[in-house]
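Asks: Residue numbers (this note's numbering), protein chains in the order written: chain S, 1 to 118; chain C, 1001 to 1113.
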Amino acid sequence: DTAVSQTPKYLVTQMGNDKSIKCEQNLGHDTMYWYKQDSKKFLKIMFSYNNKELIINETVPNRFSPKSPDKAHLNLHINSLELGDSAVYFCASSQGFGVPTSRRNEQFFGPGTRLTVL
Amino acid sequence: QQQVKQSPQSLIVQKGGISIINCAYENTAFDYFPWYQQFPGKGPALLIAIRPDVSEKKEGRFTISFNKSAKQFSLHIMDSQPGDSATYFCAAPIYNQGGKLIFGQGTELSVKP
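Following this line, the structure appears as structure tokens:
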């Protein structure tokens, strides 16, 4: 009964490959996010979807393409992987708009996917 | 500028002591200030949060103090325990930007027995 789950937990791949990370939440939330945590543990948002609609797209290379088949799933596909893509990627979810600020902004994070590009 | 500056970067505290982590922000549109706790190998989890119309919020051993005029807020962990050893992040959402959270740089807390 994990709230936010991600697969795989670890991903080791060669430069130039294409890979995907999957995320699912069973909290009934409307909004989902992808964050990147670098080696210094700095957390930065990459994308946000609300009810399958993209609402935040930070300055992320277009090699990164999120896809939300339904509001419970948000996947991240990465093309032509580079060394600098090595990081931990977190999926998160929260209630959507129309709820009090505190509930809207409480984000539930998945366990993370550690991506290592060789 | 949409930044949240957090200090210190790392903190070592003896068991039973008080851990204090500080954050400063610049954007007055921030309307909610959460603290997240992250254990090694896990995702961040919401620990405690405060709204800007309140100066202090306490939950168990964890207290947030908020100074609106100085644009600062801090986390105090009373009676720190080894189980509190984790990385702590302050954060703030940008109003009307879909729940976009701006995180501080993180503080790695180590509580020594």
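Note that beta-carbon positions come from the ideal geometry of N, C-alpha and C, so glycine has one too. Quantities reported herein were computed from a predicted structural model and do not represent experimental measurements.
1) Does chain S have any CB closer than 9 Å to the CB of C:P1008?
2) With a 10 Å radius around its C-beta and 16 neighbouring C-beta atoms as the bar for buried, classify C:S1055 as buried or exposed.
3) Near S:K67, what residues of its chain come up, given a Cβ to Cβ distance below 7 Å and the 5 sequence neighbours on each side ignored?
4) Would you report the Cα separation of C:N1022 and C:Q1003, rounded to the nearest angstrom?
5) What do you get for S:A119, buried or exposed, if any count of 16 or more other CB atoms within 10 angstroms of its CB means buried?
6) When you compare only the Cα positions, how much space is there between C:G1043 and S:Q37?
7) Does C:F1089 have its Cβ less than 9 Å from a Cβ in chain S?
8) Could you name the residues of the same chain whose beta carbon sits closer than 7 Å to that of S:F90, not counting the 5 residues immediately before and after it, in chain order?
9) Can you confirm whether the region 79–86 of chain S touches the region 1052–1071 of chain C when touching is taken to mean that 3 or more C-beta pairs between the two stretches lie within less than 8 Å?
Replies: To lay it out plainly:
1) no
2) exposed
3) N75, H77
4) 14 Å
5) It is not possible to answer for residue 119 of chain S, since the shown part of chain S is limited to 1 through 118.
6) 10 Å
7) yes
8) Y35, Q37, F109, G110, G112
9) no
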